[in-house]
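The block underneath contains the structure these notes are about, expressed in structure tokens.
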Amino acid sequence: MTTVKIFSSKACAAPIKAASEVFERETGIKVERSMCGRHCQEGEAGHAGDLKGHHFLEEIAEARIHDIAVGGAEYLLDDGEAAGIVQRGKRRVLAMRKSALTVPADNPAGIKGLDDLKRPGVRVGISIVDCLRGMWEDVCGRAGILNDVVKNIALHANGCMAIIEATAQRKVDAAFGWWSFDHLAPGRIKTIPIPDQFCVFRGTGAGLLSFSREPAAAEKLMSFLASDRARGFFTELGWV
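Counting from 319, one number per residue, gives the positions in the sequence shown under the working numbering.
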């Protein structure tokens, strides 16, 4: 039996699982799914003097066993192409995610929007790796509040899941995340919309890896994941 191995970021895993299970049933091609594991459960990122690259790509490059990588931002696949990990021209955009603020479920700081992040003493969380890297700056730059918010950054997290955990555990009053985060921690966090004029949209994309052992079957799966039918699994969970 032909087997395609797909590696995805943990925050993107649910719609990938649902869509690939349909693909398996209809094509007879087996899909083995892996999720990033090196940093997803860690809290604050790094140590003094510690500057690391993208954990997402490092895990893929070290394993060299997967056919497809699914990342939460297209720039990750750009970096993968530049490093020779992702094949040039062998990419598909699956869906888009819209930026949002995440707060603890009971929102003790009373965060209602971006302006509340400027208040003295409000603890703001950001991620410095993978799909959320730099997103806070793009949002705050558009809103003209960079100088106010940067003073309140209290936590530099190691990816999506770390941002969610920090929010749920009240280590921050608010954090920059994605609108689709609601399904990852129901009852523990909630998301607050950001006005469209300040929003960031980033692609959840799939790329064919340079060391794929089943490139034809992998491209068939990528085409299915980018189809309108498969995109329904993404939109159900907050993608756009």
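Built from N, CA and C at the ideal position, the CB exists for glycine as well.
Just verifying my parser: in three-state terms, what is the DSSP assignment at Ser445?
Of the three classes helix, strand and coil, the one that applies to Ser445 here is strand, per DSSP.
Would you kindly check if the distance between the Cβ of Cys449 and the Cβ of Arg266 is under 8 Å?
What the structure shows of the chain is the stretch from 319 to 558, and residue 266 is not part of that stretch, so it cannot be assessed.
Do Thr485 and Ala493 come within 8 Å of each other at the CB atom, strictly closer than that value?
With a cutoff of 8 Å on beta-carbon distance, Ala493 and Thr485 are scored as near each other.
Does the region 453 to 460 come close enough to the region 375 to 389 that 3 or more CB-CB pairs lie under 8 Å?
no
As an exercise, report each continuous alpha helix (DSSP H) stretch of at least 4 residues that is fully enclosed by the region 363 to 423, in chain order.
373 to 381 and 392 to 400
In this structure, what does DSSP give as the bridge partners for Pro511?
Ala418
Ordered along the chain, which non-local residues of its own chain (more than five positions away) have a Cβ less than 8 Å from that of Ala534?
In its own chain, leaving out the 5 sequence neighbours on each side, no residue places its CB closer than 8 Å to the CB of Ala534.
My assumption, with CB atoms under 8 Å, is that Gly495 sits in contact with Ala391. Please give the rounded CB distance.
In fact, because the Cβ distance is near 13 Å, the residues do not count as touching under 8 Å.
What's the C-alpha gap between Ala329 and Gly389?
9 Å
Would you check if the distance between the CB atom of Phe552 and the CB atom of Ala413 is smaller than 8 Å?
yes
Mapping DSSP to helix, strand and coil, what is Leu539?
Looking at Leu539 - three-state DSSP - the assignment turns out to be helix.
Go through its chain and collect everything with a Cβ distance to Glu537's Cβ below 8 Å, but skip five positions before and after it.
The beta carbon of Glu537 sits closer than 8 Å to those of Lys408 and Leu526, all from its chain and outside the five residues before and after it, given in chain order.
What would DSSP say about Ser498, mapped onto helix, strand or coil?
helix
Could you check what DSSP says for Glu344 in three-state terms: helix, strand or coil?
Helix at Glu344.
Using the C-alpha atoms, what's the distance from Val440 back to Lys323?
Cα to Cα, Lys323 sits roughly 43 Å from Val440.
In whole angstroms, what separates the C-alpha of Gly443 from that of Ser338?
33 Å
Quick one: grab the DSSP three-state call for Ser326.
Of the three classes helix, strand and coil, the one that applies to Ser326 here is strand, per DSSP.
If we ignore side chains and look at the alpha-carbon of each, how far apart do Lys469 and Gly556 end up?
30 Å
Taking DSSP as the reference, what is the three-state secondary structure of Arg488?
coil
To which residues of the same chain is Gly367 closer than 8 Å at the C-beta, ignoring the five residues directly before and after it?
With a pLDDT of 42 at Gly367, under the threshold of 50, the modelled position of that residue is not reliable, and no figure is offered here.
Let me check one thing: in DSSP terms, what residues is Ala350 bridge-paired to?
Residue identity differs from the one stated: residue 350 is Glu in this sequence, not Ala. Per DSSP, Lys323.
Expressed to the nearest angstrom, what Euclidean distance is found between the alpha-carbon atoms of His365 and Asp433?
With a pLDDT of 45 at His365, under the threshold of 50, the modelled position of that residue is not reliable, and no figure is offered here.
How would you call Asp491, buried or exposed, if buried means at least 16 neighbouring beta carbons within 10 angstroms?
buried
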